[in-house]
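Below is one structure, written out as structure tokens; the observations come after it.
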Amino acid sequence: MNSDHVMLAHRTLIALLLTLGSSSGCTFDSGTTDPATSNTTASNTATSNATTGGTDAGDDVQDTAIADADPADAPDDTTAAMDTASADTSDTRTPDTAAPDTAPDEPDAPAQALTLSITSPRPGDIFEQGRAITFEAQITNSPIPAEELSVVWVSSEDGLFASRAPEADGQMVVTTDRLSRGDHTVTMRATGPGGLEAEASVSIGVCSWTQPETFDGGALGEGWETFGSAYLDPNGWLEMTGLSMGQQGAIFNTSNIINPGNISITVRILTGGGTGADGFAMSVIQAESPEELRQIINSAGSGGALGYGYGGDWGTYDDVPGFHIEFDTWYNVYNGGNEFHTDPTPENHIGVTLDGDPGNHYLWAELPNIEDQRWHDINIEINGRNVVVTMDGESVIDGFIEQLDFKGGYIGFSGTTGYYTNYHRFDDLQVRQECLVE
Numbered sequence: 000m001n002s003d004h005v006m007l008a009h010r011t012l013i014a015l016l017l018t019l020g021s022s023s024g025c026t027f028d029s030g031t032t033d034p035a036t037s038n039t040t041a042s043n044t045a046t047s048n049a050t051t052g053g054t055d056a057g058d059d060v061q062d063t064a065i066a067d068a069d070p071a072d073a074p075d076d077t078t079a080a081m082d083t084a085s086a087d088t089s090d091t092r093t094p095d096t097a098a099p100d101t102a103p104d105e106p107d108a109p110a111q112a113l114t115l116s117i118t119s120p121r122p123g124d125i126f127e128q129g130r131a132i133t134f135e136a137q138i139t140n141s142p143i144p145a146e147e148l149s150v151v152w153v154s155s156e157d158g159l160f161a162s163r164a165p166e167a168d169g170q171m172v173v174t175t176d177r178l179s180r181g182d183h184t185v186t187m188r189a190t191g192p193g194g195l196e197a198e199a200s201v202s203i204g205v206c207s208w209t210q211p212e213t214f215d216g217g218a219l220g221e222g223w224e225t226f227g228s229a230y231l232d233p234n235g236w237l238e239m240t241g242l243s244m245g246q247q248g249a250i251f252n253t254s255n256i257i258n259p260g261n262i263s264i265t266v267r268i269l270t271g272g273g274t275g276a277d278g279f280a281m282s283v284i285q286a287e288s289p290e291e292l293r294q295i296i297n298s299a300g301s302g303g304a305l306g307y308g309y310g311g312d313w314g315t316y317d318d319v320p321g322f323h324i325e326f327d328t329w330y331n332v333y334n335g336g337n338e339f340h341t342d343p344t345p346e347n348h349i350g351v352t353l354d355g356d357p358g359n360h361y362l363w364a365e366l367p368n369i370e371d372q373r374w375h376d377i378n379i380e381i382n383g384r385n386v387v388v389t390m391d392g393e394s395v396i397d398g399f400i401e402q403l404d405f406k407g408g409y410i411g412f413s414g415t416t417g418y419y420t421n422y423h424r425f426d427d428l429q430v431r432q433e434c435l436v437e
């Protein structure tokens, strides 16, 4: 090949390299690299194959390359340069590694189990024996209609006491008054087809009060002591005076003490059958000892003092706290001799007095028909300084006494006659102050 052909071949090669570099973004310079581009290597490779001495691409470069080139290498260099340039035109984009548009299905949540909950009563609640107890419950997550479940209620002490289906909305209300005294774990158990079963429990207490003193059996019970004209009637009640004139009697329990605080006392009373006097009373006296109590009772006034007047103008035990409910059937007027107070009304009345003073009626109400020789149920409630008295279920006194501070003590009864007389009877005493579970 002559020199013209060699020069033509080299010019063709240079033109081809320049064309390829322009189309692929390559820049041919004198050995300068661009670290910011991925085509630096290709540019450098292409430059190293096309130049010598680091001269700028142009006419001088072309001339120098032609002068220094080895004609025998021309075909190989052309192929390498083309291969290198072709390699730099490959797609350099980052593969799309984004998550697929559709997320995998999550596993189904496990089915919830049949659930029972007793919402009332609360754990630890205590109920009086014989009174209705209402249990309320809720059934949820039932795989079948709630009313198709079979539900039983069982006491740990008394066994099964209720069995029926719940309402359609899962609510259930059961009432019973048959639970015995003691601690109970009450379990509600629901069952259905295919072994479906669930239960819930609540612990409650059922308490009872001390049993009433019925005074039956022909003898007074433990601690009861008689004074003056009082006696236990063979028919099973306490009589204070009988129909004799000038009588004064009392019966007190001298061994058992009532505690301070709120209290409920029930008793039955009967009067009448005579000529109308004088009256009777129930008292709780805070004596220091049984001996002091006996001294107080023996010193108490007769007549209008109804056998409990030991303080005020009627006695000298002004510092002995006492609480009294009197039933007075004679109108007493102060005379300074044997009557030391005037009653608040000429009518038969019930009154609340304190500290052995029959002359100070803190609360009172008229009872015009009390002398009917019939038994009447009396209930006395002391709650703080408030006193409520009912007779045969009807409220007769409901009031507040600023001076009241019930301190408990010995409980008993008293009554008197003068020239005029009546029966004065008590029966069936019950003191409810602490409802006992055990």
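Residue numbers (numbering that gives the first Met the number 0): 0 to 437. Cβ atoms here follow ideal geometry from the backbone N, Cα and C, with glycine treated the same way.
Between H348 and E370, the C-beta gap is not smaller than 7 Å, which leaves the two residues out of contact.
T341 is classed as exposed because its beta carbon has fewer than 16 other beta carbons within 10 Å across all chains shown. According to DSSP, H423 shares a beta bridge with T270. Less than 7 Å divides the Cβ of S116 from the Cβ of A199. Nearest to I400 by alpha-carbon distance, out of E146, W363, R424, is W363.
A distance below 7 Å separates the beta carbons of G417 and D277. Taken through DSSP and simplified to helix, strand or coil, R293 comes out as helix. A check of alpha carbon separations from D215 across E437, V436, Y307, L428 identifies L428 as the nearest.
Membership of R188 in the beta strand (DSSP E) is indicated by the continuous run 181-191. Looking at F134, C206, V185, H183, the one whose alpha-carbon comes closest to that of T174 is F134.
Exclusion of the five residues before and after P345 leaves Y330 as the residues of its chain whose Cβ lies within less than 7 Å of its Cβ. The distance from the Cβ of T186 to that of S202 is about 10 Å, inconsistent with a contact at the 8 Å cut-off. When rounded, the separation of the alpha-carbon atoms in D232 and T213 is 12 Å. Exposure of D404 is indicated by the presence of fewer than 16 other C-beta atoms within 10 angstroms of its C-beta. Fewer than three Cβ pairs drawn from the stretch 308-315 and the stretch 257-265 lie within less than 8 Å of each other, which leaves the two stretches out of contact. Under the criterion of beta carbons closer than 8 Å, T415 and T253 do not qualify as touching, at roughly 21 Å. Of all alpha-carbon atoms in S162, M171, S154, N255, the one lying nearest the alpha-carbon of G408 is that of N255.
M390 has I377, E393 as its beta-bridge partners, per DSSP. By the beta-carbon neighbour count (other beta carbons within 10 angstroms, threshold 16), W374 is exposed. Annotation: V430 to Q402 spans about 23 Å, alpha carbon to alpha carbon. Distances from the CA of G275 to each of Y422, R384, E146 were compared; the closest alpha carbon is that of Y422.
The continuous beta strand (DSSP E) containing M281 extends over residues 278-284.
Out of R267, T389, G314, the CA that lies nearest to the CA of P357 is found in G314.
For the pair R163 and T270, the Cα-to-Cα distance works out to about 51 Å. If you look at I400, you'll find it isn't in any beta strand (DSSP E); DSSP assigns it neither H nor E. Closest option to I284, judged by alpha-carbon separation, among P367, F412, V150, G227: F412.
Restricting attention to S179, I250, V351, the CA atom closest to the CA of V387 is found in V351. Sequence-distant partners of Q137 (beyond 5 residues in either direction) whose C-beta falls short of 8 Å from its own C-beta, in its chain, are L115, S116, T118, G169, Q170, M171. When G392, M390, D397 are compared, the shortest CA-CA separation from N382 is found for D397. In terms of Cα proximity to A286, the closest of G300, D312, G321 is G321.
Beyond the five residues adjoining it in sequence on each side, A167 comes within less than 8 Å, by CB distance, of P144, A145, E146 in the same chain, given in chain order. Across the set L148, G303, R188, the C-alpha of G303 shows the shortest separation from the C-alpha of N359.
In this structure, the beta-carbon distance from T420 to L159 does not fall below 7 Å. A direct Cα-Cα distance of roughly 18 Å separates C434 from R121. When secondary structure is reduced to three states using DSSP, D168 falls in the coil class, being assigned neither helix nor strand.
Taking all protein chains in view, the Cβ of I125 is surrounded by fewer than 16 other Cβ atoms within 10 Å, so the residue is classified as exposed.
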